[in-house]
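The structure appears right after this line, and notes come after that.
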Amino acid sequence: MMSSSDSYSLLLEIHAVMNRRVDELPNPALSRNDTSTATVWSRLAESLRKLMRWRWRGEPPSKAASGSTAEVRYRILFQNSPDAVFVVAGSQETLREFNDRLPELLGYSREHLARLCRADFELGIPTLSMRSSIVSVFSPKTSEFDAQYRRADGTIIDVAVTYSVVDYFGEVAYLMIARDVTARRRAEQQLRESEAKFRILAETIPALVAIQREGCAVYVNPAFAKLSGYGTAELLRTDLLGLIRSEFQPEARHSVERCMRGQRPSWRREVALVTKSGDERWIDLTIATVSLEGQSAWMASAVDVTERRQTEAEMRQLHAQLFHAGRLRMLGELAAGIAHRVKHPISNVGNLTQALINNLDHGHPAFHEELRETLVMILEEAGDADDTISEMIGFARRHEIVRHWIDLAPLLLDAVRIARFDRRWADVSIQLEADELRPNAFADRSEITQVLIDLIRNGLEAMEEIPAADRRLVVELRSQRAGWLRLSVMDCGCGVSEERRPKLFRAFETTKPEGLGLGLSLCKTIIESHGGQLWHEPAQPRGSIFHFLLPSEDRVFESCERPSTSLEA
Numbered sequence: 003m004m005s006s007s008d009s010y011s012l013l014l015e016i017h018a019v020m021n022r023r024v025d026e027l028p029n030p031a032l033s034r035n036d037t038s039t040a041t042v043w044s045r046l047a048e049s050l051r052k053l054m055r056w057r058w059r060g061e062p063p064s065k066a067a068s069g070s071t072a073e074v075r076y077r078i079l080f081q082n083s084p085d086a087v088f089v090v091a092g093s094q095e096t097l098r099e100f101n102d103r104l105p106e107l108l109g110y111s112r113e114h115l116a117r118l119c120r121a122d123f124e125l126g127i128p129t130l131s132m133r134s135s136i137v138s139v140f141s142p143k144t145s146e147f148d149a150q151y152r153r154a155d156g157t158i159i160d161v162a163v164t165y166s167v168v169d170y171f172g173e174v175a176y177l178m179i180a181r182d183v184t185a186r187r188r189a190e191q192q193l194r195e196s197e198a199k200f201r202i203l204a205e206t207i208p209a210l211v212a213i214q215r216e217g218c219a220v221y222v223n224p225a226f227a228k229l230s231g232y233g234t235a236e237l238l239r240t241d242l243l244g245l246i247r248s249e250f251q252p253e254a255r256h257s258v259e260r261c262m263r264g265q266r267p268s269w270r271r272e273v274a275l276v277t278k279s280g281d282e283r284w285i286d287l288t289i290a291t292v293s294l295e296g297q298s299a300w301m302a303s304a305v306d307v308t309e310r311r312q313t314e315a316e317m318r319q320l321h322a323q324l325f326h327a328g329r330l331r332m333l334g335e336l337a338a339g340i341a342h343r344v345k346h347p348i349s350n351v352g353n354l355t356q357a358l359i360n361n362l363d364h365g366h367p368a369f370h371e372e373l374r375e376t377l378v379m380i381l382e383e384a385g386d387a388d389d390t391i392s393e394m395i396g397f398a399r400r401h402e403i404v405r406h407w408i409d410l411a412p413l414l415l416d417a418v419r420i421a422r423f424d425r426r427w428a429d430v431s432i433q434l435e436a437d438e439l440r441p442n443a444f445a446d447r448s449e450i451t452q453v454l455i456d457l458i459r460n461g462l463e464a465m466e467e468i469p470a471a472d473r474r475l476v477v478e479l480r481s482q483r484a485g486w487l488r489l490s491v492m493d494c495g496c497g498v499s500e501e502r503r504p505k506l507f508r509a510f511e512t513t514k515p516e517g518l519g520l521g522l523s524l525c526k527t528i529i530e531s532h533g534g535q536l537w538h539e540p541a542q543p544r545g546s547i548f549h550f551l552l553p554s555e556d557r558v559f560e561s562c563e564r565p566s567t568s569l570e571a
């Protein structure tokens with residue numbers, strides 16, 4: 003017979019196992035680190051089996067004192083188990099004893115449940131042979147299986163069952179512990195379905211997808227393997243960040259570390275991927291953190307943009323050629339004005355030189371002073387001619403497109419001066435207005451100058467048919483909403499007809515017999531390549547207004563560094 007101290011120790015053991023507090027188990031043979039569900043339930047079943055064997059041999063219910071301390075403790079622990087604990091016995095496996103968790107689990111009253119056998123609520127009962135299990139009555143071995151129980155309301159729940167064979171008051175029985183795992187099973191099923199959908203998507207899309215954990219790839223899709231030239235097995239042993247060009251790796255690793263620490267949600271950058279053959283492919287790479295089997299990892303998704311970048315490079319080259327052709331076209335159109343601009347100082351140089359010769363011939367008494375003054379004038383006229391020629395040579399020269407934060411006001415003055423090379427517009431009133439506190443624009447100086455010249459010349463040409471005294475052109479430089487700068491060119495000419503407006507920015511659309519129709523089309527291309535917008539609207543009471551927006555700085559010029567806003571054309 004088990005002593006009272008033994009029974010108390012056994013009850014403490016049951017309490018510890020039920021509450022998964024392995025560190026309180028009296029038996030030191032059970033490892034503190036062995037806390038798996040199977041181990042805990044096995045220990046619980048073993049403890050209950052010992053308790054039932056003790057109850058049957060020592061104090062059967064009919065003989066046990068109702069006030070027995072051991073009995074009270076047993077009942078408290080048995081009833082307070084977080085899982086359904088029950089005993090089935092007999093050929094029909096009827097319920098002999100159960101705690102309050104089983105009625106809660108199945109939705110029956112205790113009275114109704116006491117009349118049921120296991121087959122009444124368990125679906126697809128596995129074969130548990132009583133006869134072949136008699137030898138296991140005093141064995142500590144437990145078994146597990148998954149089952150489905152039908153509740154009183156007809157709903158089906160998933161349960162995980164641990165059982166062992168026990169001696170129940172002289173009768174071979176099954177001690178069973180059931181836990182509702184419906185929510186867990188559904189979550190596992192949803193996870194499996196989600197993983198299946200992810201694999202179907204990841205393995206059929208052309209985009210590159212990979213997952214890395216602890217410095218090594220754990221998944222790569224076929225597109226990633228194909229583009230990199232490596233086999234899947236090779237990639238699964240690889241640090242994926244090591245495949246990108248070395249110059250991008252420090253930024254990539256730093257950004258991934260920040261993502262893993264939760265300091266940023268994701269990182270995106272176009273980087274060069276070095277393939278197995280040594281070639282480079284440009285990819286648009288995005289990296290974000292994910293949870294993989296309860297551990298932190300990161301997922302990379304990328305699109306091959308090599309062809310796009312090549313196309314963009316070709317487009318930039320064509321754009322540069324078109325830009326240069328536009329400047330040469332404009333230079334040709336200004337040739338007459340330039341010739342006049344150069345002819346005048348050259349003519350003056352000739353006249354002054356002749357005057358010097360005359361003075362030498364006649365021995366004029368004030369010869370030395372006049373000679374000095376004449377030489378100064380010759381130098382000035384020659385300098386004017388040289389400046390004009392240099393400016394035109396620079397205007398015609400090919401320029402590398404380089405964008406900086408620049409003030410547009412000086413560009414406006416340059417554009418007006420060049421436009422005035424055409425003698426037709428020498429006397430037209432051009433009014434320039436600019437906000438004193440204006441931000442810089444992020445732009446290429448040469449390209450924006452050409453746009454300004456084109457728009458100003460278009461405005462001047464639109465006023466050819468009106469009296470010279472009425473011709474007036476207004477150019478405005480204004481701060482727009484945050485982050486934008488607006489420039490407007492307004493004329494008082496004949497305006498643009500309703501029919502022509504939809505074709506205004508189309509290439510090769512022109513009303514000029516000698517024109518190519520590239521001016522406004524090229525202007526629109528240049529502004530949009532800067533991330534801006536160019537559009538037209540009618541002026542009131544007549545004429546046209548061309549506006550364009552350019553990205554600008556958030557800060558404005560400080561008074562100490564802001565260029566002069568006194569614009570005079």
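Quick note: to get my numbering, add 2 to the position in the sequence shown (first position is 1).
Yeah, the Cβ is synthetic: ideal placement off N, Cα and C, and Gly gets one too.
*Who does residue 100 pair with in a DSSP beta bridge?*
Here residue 100 refers to the residue found at position 98 of the sequence shown. Partner(s): 88.
Local conformation of residue 465 per DSSP, three classes: Counting from one through the sequence shown, the residue named residue 465 turns up at place 463. Looking at residue 465 - three-state DSSP - the assignment turns out to be coil, as it is neither helix nor strand.
Check your understanding: I think residue 161 touches residue 182, with their Cβ atoms under 8 Å apart; what is that distance to the nearest whole Å?
Key -> The count along the sequence shown starts at 1 and reaches residue 161 at position 159. The count along the sequence shown starts at 1 and reaches residue 182 at position 180. Right, the Cβ-Cβ distance comes to about 6 Å (below 8 Å), so this counts as a contact.
Problem - Limits of the unbroken alpha helix (DSSP H) element including residue 257 - result: Residue numbering aside, residue 257 sits at position 255 when the sequence shown is read from its first letter. Segment 251–262, the alpha helix (DSSP H) holding residue 257.
Taking DSSP as the reference, what is the three-state secondary structure of residue 241? Counting from one through the sequence shown, the residue named residue 241 turns up at place 239. It is coil, neither helix nor strand.
Checklist entry - Three or more C-beta pairs closer than 8 Å, one from the region 173–187 and one from the region 275–282: is that the case here? => result Touching, no.
Check: With respect to the alpha helix (DSSP H) encompassing residue 226, which residues constitute its N-terminal and C-terminal limits?
Finding: On the sequence shown, position 224 is the one that residue 226 refers to. Here the alpha helix (DSSP H) through residue 226 covers 224–230.
What residue range does the beta strand (DSSP E) around residue 547 cover? One-based indexing of the sequence shown puts residue 547 at position 545. Start and end: 546–553.
CB contact flag (residue 498, residue 461, <8 Å): Translated into the one-based positions of the sequence shown, residue 498 becomes position 496. Translated into the one-based positions of the sequence shown, residue 461 becomes position 459. Not closer than 8 Å, so no.
May I have the straight-line CA-CA distance separating residue 557 from residue 441, to the nearest angstrom?
Looking up residue 557 in the sequence shown gives position 555. Looking up residue 441 in the sequence shown gives position 439. The pLDDT assigned to residue 557 is 39, lower than 50, so where the model puts this residue is not dependable; a value taken from the coordinates is nonetheless given after this. Distance between the alpha carbons of residue 557 and residue 441 is about 6 Å.
Practice prompt. Could you check which residue in 166, 549, 408 has the C-alpha nearest to that of residue 145?
Written response: Numbered from its first residue, the sequence shown carries residue 145 at position 143. Nearest of 166, 549, 408 to residue 145, Cα basis: 166.
Exercise for the section: Check whether the Cβ atoms of residue 285 and residue 273 sit closer than 8 Å, and answer yes or no. Expected result: For the purposes of this step, residue 285 is taken as the residue at position 283 of the sequence shown. For the purposes of this step, residue 273 is taken as the residue at position 271 of the sequence shown. Contact flag set, yes.
Next on the checklist: Bridge partners for residue 218 per DSSP, in chain order?
Outcome noted: Locating residue 218 in the sequence shown gives position 216, counting from the first residue. Residue 218 pairs with 215.
Query raised in the report: Which of helix, strand or coil does DSSP assign to residue 429?
Result: Looking up residue 429 in the sequence shown gives position 427. DSSP places residue 429 in coil when its eight states are reduced to three.
Closest to residue 87 by CA distance: which of 74, 94, 106 is it?
-> For this step, residue 87 is matched to residue 85 along the sequence shown. Minimum Cα distance to residue 87 is reached at 106.
task = In angstroms with no decimal places, state the Cα-to-Cα distance between residue 113 and residue 190.
result = Counting from one through the sequence shown, the residue named residue 113 turns up at place 111. Counting from one through the sequence shown, the residue named residue 190 turns up at place 188. Rounded to the nearest angstrom, the two C-alpha atoms are 35 Å apart.
Cutoff 8 Å; reference residue 255; Cβ partners in own chain excluding five residues on either side: Start at 1 with the first residue of the sequence shown, and residue 255 comes out as number 253. The answer, listed in chain order, is 243.
Distance, residue 471 Cα to residue 465 Cα
For the purposes of this step, residue 465 is taken as the residue at position 463 of the sequence shown. For the purposes of this step, residue 471 is taken as the residue at position 469 of the sequence shown. Roughly 11 Å between the two C-alpha positions.
- Item | Length of the line joining the Cα atoms of residue 100 and residue 187 | Working through the sequence shown from its first residue, we reach residue 100 at position 98. Working through the sequence shown from its first residue, we reach residue 187 at position 185. If I take the Cα positions, the gap works out to 25 Å.
**Beta-carbon proximity check, residue 108 vs residue 154, cutoff 8 Å** = What you label residue 108 is simply residue 106 of the sequence shown in a count that begins at 1. What you label residue 154 is simply residue 152 of the sequence shown in a count that begins at 1. For residue 108 and residue 154, yes; Cβs fall inside 8 Å.
*Might you give, ordered along the chain, the residues of its own chain that have their beta carbon closer than 6 Å to the beta carbon of residue 406, omitting 5 neighbours on each side?*
As a position in the sequence shown, residue 406 is number 404, starting the count at 1. So the list is empty, once near-sequence residues are dropped.
At which residues does the alpha helix (DSSP H) containing residue 440 begin and terminate? Locating residue 440 in the sequence shown gives position 438, counting from the first residue. Neither: residue 440 is in no alpha helix (DSSP H) and is coded neither H nor E.
Beta-bridge partners of residue 169, as assigned by DSSP
One-based indexing of the sequence shown puts residue 169 at position 167. Residue 169 is bridged to 174.
Assigned exposure category for residue 23 - 16 Cβ within 10 Å defines buried
One-based indexing of the sequence shown puts residue 23 at position 21. Annotation note: pLDDT 41 at residue 23 (below 50); position unreliable, coordinate value reported separately. Exposed: under 16 other Cβ atoms inside 10 Å.
For residue 552 and residue 444, the rounded distance between their alpha carbons
Against the sequence shown, residue 444 aligns to sequence position 442. Against the sequence shown, residue 552 aligns to sequence position 550. A direct Cα-to-Cα measurement between residue 444 and residue 552 gives close to 7 Å.
- Assign residue 228 to buried or exposed, taking buried as 16 or more other Cβ atoms, counted over all protein chains shown, within 10 Å of its Cβ. For the purposes of this step, residue 228 is taken as residue 226 along the sequence shown, with counting starting at 1. With fewer than 16 other Cβ atoms within 10 Å, it is exposed.
task = State yes or no: is the C-beta of residue 124 nearer than 7 Å to some heavy atom of the ligand ZN?
result = Although the ligand ZN was asked about, the structure shown includes no ligands whatsoever.
Between the C-alpha atoms of residue 539 and residue 412, what's the straight-line distance to the nearest angstrom?
Indexing the sequence shown from 1 puts residue 539 at position 537. Indexing the sequence shown from 1 puts residue 412 at position 410. Their Cα atoms are separated by approximately 26 Å.
task: Report the partner residues of residue 164 according to the DSSP bridge assignment.
output: To locate residue 164, count along the sequence shown from 1; it is residue 162. Per DSSP, 146, 179.
### Residue environment, residue 418, which counts as buried when at least 16 other CB atoms sit within 10 Å
Translated into positions along the sequence shown, residue 418 becomes position 416. A residue is called buried when at least 16 other Cβ atoms come within 10 angstroms of its Cβ; residue 418 meets this threshold and is buried.
Short of 8 Å in beta carbon distance, which residues of its chain neighbour residue 467, apart from the five on each side in sequence? Order them along the chain. Indexing the sequence shown from 1 puts residue 467 at position 465. Excluding sequence neighbours, residue 467 sits near 495, 496.
Checklist entry - Under the three-state reduction of DSSP, which class applies to residue 312: helix, strand or coil? => result Reading the sequence shown from its first residue, position 310 is the one you call residue 312. Of the three classes helix, strand and coil, the one that applies to residue 312 here is helix, per DSSP.
When we look at the beta-carbon of residue 525 and count the other beta-carbons within 10 Å, is it buried (16 or more) or exposed?
On the sequence shown, residue 525 is found 523 positions in, with the first residue counted as 1. Taking every protein chain shown into account, the CB of residue 525 has 16 or more other CB atoms within 10 angstroms, so this residue is buried.
(message) Per the DSSP calculation, residue 490 is bridged to which residue(s)?
(response) For the purposes of this step, residue 490 is taken as residue 488 along the sequence shown, with counting starting at 1. Paired residue(s): 478, 549.
Quick one: using the 10 Å Cβ neighbour count with 16 as the cut-off for buried, is residue 430 buried or exposed?
The residue labelled residue 430 in the question sits at position 428 within the sequence shown. Result: buried.
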